[in-house]
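Numbering (this note's numbering), first residue to last: 264 to 541.
One structure below.
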Ligand SMILES: Nc1nc2c(ncn2[C@@H]2O[C@H](COP(=O)(O)OP(=O)(O)O)[C@@H](O)[C@H]2O)c(=O)[nH]1
Ligand SMILES: [Mg+2]
């Protein structure tokens, strides 16, 4: 990704002009790191004269990342429920499929729930993925109650002793109150029978600072436990990942890097930081 390429050159240079610092600043702002963090990096960079300058700055940037666990939470002996939430088009349904595939490849049993009942197409999309992974999807008819789908799904997942239940949800909710009501109801239905172990918020890296604002609405409305940052493949704006962890303290757990099932991995902070400073 090497979003910090120009900064790295400057840190290694004998001297850097005022104009060059401004160019670097603009380049960092374009990564969607946010003006505040960019200015912190620039100030610190200007102040150090050392052969280790790159290491010093990358350590500073690393300290902005969350030190919370990036592993999926939950008791290994019972069904763990993961709710996947986020704005429409960010990549929720694709990420649900990718996460299921990742878990199945690691020997886990997974049931899916298609609780985005606003559009029949959303259920079809999830069923197509599930056929490829060879797992089952619980769904309801169009416009049926998402909480009813969640109820059937958790009942089945527990009866069959599944390792994971992953619930895809709708993002097309006009107000925060709507969002809270609908997601809150799904959470209550699960909690009557089991636990909600993760609420993963999907963030589209290409939406930049706007993605951050959307994230805050979800963070306030439901107890988000982790992020899935998608579309980092098509983005020169990977700075949003840093910005979002710094501002929320919530860890990124997975990243999506393409449209295929395999384009998905655990977020590794060291690799991410190294990539920025390549
Ligand atoms: N390039 C790229 N595209 C993605 C990624 N994740 C999802 N998409 C695409 O984004 C679009 C919306 O995805 P979808 O899962 O339907 O979003 P949802 O509305 O949040 O459920 C689809 O065209 C996906 O193929 C990713 O990591 N990289
Ligand atoms: Mg969807």
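Just so it is clear, CB atoms sit at the ideal spot from N, CA and C, and this is done for glycine as well.
### Message
Restricting to runs no shorter than 4 residues, where is the alpha helix (DSSP H) found entirely within the stretch 386-450?
### Response
409-422
### Query
chain D beta carbons: is any one of them nearer than 8 Å to that of residue 360?
Absence of chain D from the displayed structure is noted, only one protein chain being present.
### Query
First and last residue of the alpha helix (DSSP H) that includes residue 306?
The residue given as residue 306 occupies position 43 in the chain shown. Residue 306 -> alpha helix (DSSP H) spans 298-310.
#### Entry: Residue closest to residue 365, alpha-carbon to alpha-carbon, out of 423, 319, 516 and 541
Within the chain shown, numbered from 1, the residue matching residue 365 stands at position 102. Checked all of 423, 319, 516 and 541; the closest Cα to residue 365 is 516.
### Task
With residue 282 as the anchor, note down where its alpha helix (DSSP H) starts and where it stops.
Taking the first residue of the chain shown as position 1, residue 282 is located at position 19. Start and end: 281-293.
### Task
May I ask which residues mark the beginning and end of the beta strand (DSSP E) holding residue 343?
Residue mapping note: residue 343 aligns to position 80 of the chain shown, counting from 1. Residue 343 -> beta strand (DSSP E) spans 343-348.
### Message
Please report the straight-line C-alpha distance between residue 428 and residue 287, rounded to a whole angstrom.
### Response
In the chain shown, the residue the question calls residue 428 occupies position 165. In the chain shown, the residue the question calls residue 287 occupies position 24. One C-alpha to the other measures close to 45 Å.
### Query
Taking DSSP as the reference, what is the three-state secondary structure of residue 378?
The residue given as residue 378 occupies position 115 in the chain shown. It is a strand residue.
### Task
Excluding the 5 residues preceding and the 5 following residue 352 in the sequence, name in chain order all residues of the same chain whose CB lies nearer than 8 Å to its CB.
Position 89 of the chain shown holds residue 352. Closer than 8 Å at the Cβ level, and outside the excluded window around residue 352, lie 434 and 467.
### Query
What are the partner residues of residue 528, as DSSP defines its beta bridges?
One-based indexing of the chain shown puts residue 528 at position 265. Bridge partners of residue 528: 518.
### Query
Whose C-beta lies closer than 8 Å to the C-beta of residue 506 among residues of the same chain, with five residues either side of it excluded?
Locating residue 506 in the chain shown gives position 243, counting from the first residue. Counting only Cβ-Cβ distances below 8 Å, and skipping sequence neighbours, we find 295, 296, 297, 300, 472 and 475.
### Query
Is residue 387 near ligand 1, going by C-beta to nearest heavy atom under 7 Å?
The count along the chain shown starts at 1 and reaches residue 387 at position 124. Checking the Cβ of residue 387 against ligand 1 gives no.
#### Entry: Proximity of residue 461 and residue 488 at Cβ, strictly below 8 Å
Counting from one through the chain shown, the residue named residue 461 turns up at place 198. Counting from one through the chain shown, the residue named residue 488 turns up at place 225. For residue 461 and residue 488, yes; Cβs fall inside 8 Å.
### Query
If you pair each beta-carbon of the stretch 399-419 with each one of the stretch 317-332, do three or more pairs fall below 8 Å?
no
### Task
List the whole-angstrom C-beta distance separating residue 386 from residue 402, where the pair is believed to meet the contact cut-off of C-beta under 8 Å.
Position 123 of the chain shown, counted from the start, is the residue given in the question as residue 386. Position 139 of the chain shown, counted from the start, is the residue given in the question as residue 402. Confirmed, Cβ separation roughly 5 Å.
### Query
Does at least one heavy atom of ligand 2 sit under 7 Å from the Cβ of residue 380?
For the purposes of this step, residue 380 is taken as the residue at position 117 of the chain shown. Outside the cutoff, so no.
### Message
Strictly by DSSP, which residues pair up with residue 461?
### Response
Against the chain shown, residue 461 aligns to sequence position 198. Note: residue 461 sits in a beta bridge opposite 345.
### Message
On the criterion of 16 or more Cβ atoms from any shown chain inside 10 Å, does residue 282 qualify as buried, or is it exposed?
### Response
Here residue 282 refers to the residue found at position 19 of the chain shown. Answer is exposed; the Cβ neighbour count stays below 16.
### Query
Alpha carbon to alpha carbon, what distance is there between residue 268 and residue 540?
Residue numbering aside, residue 540 sits at position 277 when the chain shown is read from its first letter. Residue numbering aside, residue 268 sits at position 5 when the chain shown is read from its first letter. Those two C-alpha atoms are separated by around 6 Å.
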